[in-house]
Amino acid sequence: MGRTQPGDYAAGWTPPSYTVDEHGKVRGGYEPHEPNNWGRWGDDDQIGTQNLIGPEQIVAAARLVTEGKVFSLALEIDAAGPRSPHRPAPLHWFIMAGSDLIVGSPAQAEVPGIQFNDDMLQMPLQGSTQWDGFGHFCAEDSMYNGYWGGDITAAGGARNLGMEHMRKAFVGRCVLLDLARTQGVDCLPDATGIGRAELEACVEAQGCEIHSGDIVLLRTGYLDKWWGIEGEAAKLEYFYATPGLTEASVGWFHDNGISAVAADTIAVEVGRPTAEPSRLMPVHHACLVDLGLPLGEFWVLDELAEDCAADGRYEFMLASQPLVIPGAVGSPINPIALK
Ligand code: UVW
Numbered sequence: 003m004g005r006t007q008p009g010d011y012a013a014g015w016t017p018p019s020y021t022v023d024e025h026g027k028v029r030g031g032y033e034p035h036e037p038n039n040w041g042r043w044g045d046d047d048q049i050g051t052q053n054l055i056g057p058e059q060i061v062a063a064a065r066l067v068t069e070g071k072v073f074s075l076a077l078e079i080d081a082a083g084p085r086s087p088h089r090p091a092p093l094h095w096f097i098m099a100g101s102d103l104i105v106g107s108p109a110q111a112e113v114p115g116i117q118f119n120d121d122m123l124q125m126p127l128q129g130s131t132q133w134d135g136f137g138h139f140c141a142e143d144s145m146y147n148g149y150w151g152g153d154i155t156a157a158g159g160a161r162n163l164g165m166e167h168m169r170k171a172f173v174g175r176c177v178l179l180d181l182a183r184t185q186g187v188d189c190l191p192d193a194t195g196i197g198r199a200e201l202e203a204c205v206e207a208q209g210c211e212i213h214s215g216d217i218v219l220l221r222t223g224y225l226d227k228w229w230g231i232e233g234e235a236a237k238l239e240y241f242y243a244t245p246g247l248t249e250a251s252v253g254w255f256h257d258n259g260i261s262a263v264a265a266d267t268i269a270v271e272v273g274r275p276t277a278e279p280s281r282l283m284p285v286h287h288a289c290l291v292d293l294g295l296p297l298g299e300f301w302v303l304d305e306l307a308e309d310c311a312a313d314g315r316y317e318f319m320l321a322s323q324p325l326v327i328p329g330a331v332g333s334p335i336n337p338i339a340l341k
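Below, the structure is given as structure tokens:
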């Protein structure tokens, strides 16, 4: 029973059997899979694995800045960039333009001699280089640390787990795992799964170390393919065939104390898993709901990867804070890598 297609009306519905307490926590409902971090940093924790980055990790990250090199890892925000079909293109327009004042709009009479410009942006917060927050994904109505998905409303946004809690997050030591380069290809083949073995092989090939609290970036080389694709069907296939993490990789992130993972793809996880996954979008489910481990998507990694390959140094400092939008479930960012 219920909705079978997008746009269908439900033919029937059974109310859930769980309850929700006064803190917005689900009681008697979804139980997180193992491994999970529910309760690890307190019953009211809203930042998950960002707790793994403390002053010690930030000082160590700052010591990695020795050459004054700065890399921006962001896509340009425009209608041409990669975007799944259920998300509208960003719309950037001007609500006041100095050129109107120059040619004599009424406002010019009030402030003669100066002109100013104001612009505006309307976009899906998941539609460009971004962090997915914990409110982006619910499993059986539950989110990270047991918060209830029913408290995300169109009118009020996310009552819990909003991006405002992450305003000081995502600053620390970062390691690039260049899977494409270490496997000797420009781009991983369509639908390549990245598991624990591939991650470990890449760390070894690069000769780098992984520390607790690290943010990890995965380069598959897939982002660049977008600009060669024509037609809606081919664009849809591009998203379905994305290479990325398999369900079996999740334990590697937990075991190594990784604080966040980002990739140059739409979903971080593989689009078409070869092994039958135990659940839908298992990496989103495990990372965002069970572990409280944020996912970053559509990161632009090629220039940074060139530099890392040239000097053999795959570790650097990263600053990639989200916009402080109360109740948001994700945020566009301009991540900055510093060497
Ligand atoms: C979904 O579309 C659910 O997720 P994402 O954009 O994070 O891949």
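For the sequence shown, my numbering gives the first residue as 3, with consecutive numbering after it.
Note that CB positions come from ideal geometry on N, CA and C, so glycine has one too.
What is the rounded straight-line gap between the Cα of leucine 66 and the Cα of glycine 174?
10 Å
Alpha carbon to alpha carbon, how far is tyrosine 146 from glutamine 110?
52 Å
(Q) Does aspartate 313 come out as helix, strand or coil in the three-state DSSP assignment? (A) helix
* Asked: Which residue's Cα is closest to the Cα of serine 130: Ala288, Gly329, Leu297 and Ile268?
  -> Ile268
*Under 8 Å by Cβ, that's how I've got leucine 290 and threonine 51 pegged, so tell me the actual separation to the nearest angstrom.*
In fact, because the Cβ distance is near 11 Å, the residues do not count as touching under 8 Å.
Below 8 Å, can you find three or more Cβ-Cβ pairs linking the segment 299 to 308 to the segment 172 to 190?
-> yes
| said: Using a Cβ-based criterion (distance less than 8 Å to any ligand heavy atom), does phenylalanine 73 qualify as near ligand 1? | reply: no
- What is the C-beta distance between alanine 307 and arginine 274, in whole angstroms, given that I count them as a contact (C-beta under 8 Å)? No, alanine 307 and arginine 274 are not in contact; Cβ-Cβ is about 25 Å, not under 8 Å.
The beta strand (DSSP E) enclosing phenylalanine 255, as first and last residue numbers:
No beta strand (DSSP E) holds phenylalanine 255; the alpha helix (DSSP H) holding it covers 252 to 257.
query: Going by Cα to Cα distance, which pick from Gln48, Trp43, Ala265 and Met165 is closest to glutamine 323?
result: Met165
Please name the residue, chosen from Trp228, Ile49, Met319 and Pro92, that lies closest to aspartate 216 on a Cα-to-Cα basis.
Met319
- [ ] Report the residue from Asn38, Pro334 and Ala321 whose alpha carbon sits nearest the alpha carbon of alanine 64.
- [x] Ala321
**Asked** Residues in its own chain within less than 6 Å of alanine 288 by CB, not counting five upstream and five downstream?
**Response** Val252
Among Pro8, Ala99 and Val285, which residue has its Cα nearest to the Cα of asparagine 38? Val285
Exercise for review: Jot down the residue ranges of each uninterrupted beta strand (DSSP E) in the segment 159 to 198, minimum 3 residues, whole runs only, in chain order.
Suggested key: 173 to 180
- Assign isoleucine 104 to one of two classes, buried (16 or more other C-beta atoms within 10 Å of its C-beta) or exposed (fewer than that). exposed
Next on the checklist: Tell me which residues share the same chain as tyrosine 149 and place their Cβ nearer than 7 Å to its Cβ, disregarding the 5 neighbours each side in the sequence.
Outcome noted: Gly26, Lys27, Asn162 and Leu163
For phenylalanine 73 versus alanine 339, is the C-beta spacing smaller than 9 Å? yes
inquiry  = Across the segment 83 to 90 and the segment 330 to 338, are there enough close Cβ pairs to call them in contact, namely three or more that are closer than 8 Å?
reply    = no
- [ ] Name the residue from Val113, Leu297 and Lys71 whose alpha carbon lies nearest to the alpha carbon of aspartate 309.
- [x] Lys71
With H, G and I counted as helix, E and B as strand and the rest as coil, what does DSSP make of histidine 213? coil
* Cβ shell of threonine 21 (< 7 Å), same chain only, five flanking positions each side left out -> Arg29 and Gly30
Tell me the rounded alpha-carbon separation between aspartate 266 and leucine 247. 12 Å
(Q) At a cut-off of 8 Å, would you count serine 322 as near ligand 1, judging by its Cβ distance to the nearest heavy atom? (A) no
Problem set entry | Close-in-space but distant-in-sequence residues of the same chain around valine 187 (CB under 8 Å, 5 per side omitted) | Gly223
- Can you tell me which of the three DSSP states threonine 21 falls into? strand
- Message: Can you give me the C-alpha to C-alpha distance between glutamate 206 and isoleucine 60, rounded to a whole angstrom?
- Response: 24 Å
- Message: Buried or exposed for threonine 6, going by 16 or more other Cβ atoms inside 10 Å?
- Response: exposed
Reduced DSSP category for glycine 298 - H, G, I as helix; E, B as strand; rest coil
strand
query = Cα separation between aspartate 121 and alanine 12?
reply = 41 Å
Continuous alpha helix (DSSP H) stretch holding valine 61: start and end:
57 to 64
Just to confirm before moving on: does the CB-CB distance between glutamate 245 and cysteine 189 stay below 9 Å?
The amino acid occupying residue 245 in the given sequence is proline; glutamate does not appear at that position. Cβ atoms of proline 245 and cysteine 189: closer than 9 Å.
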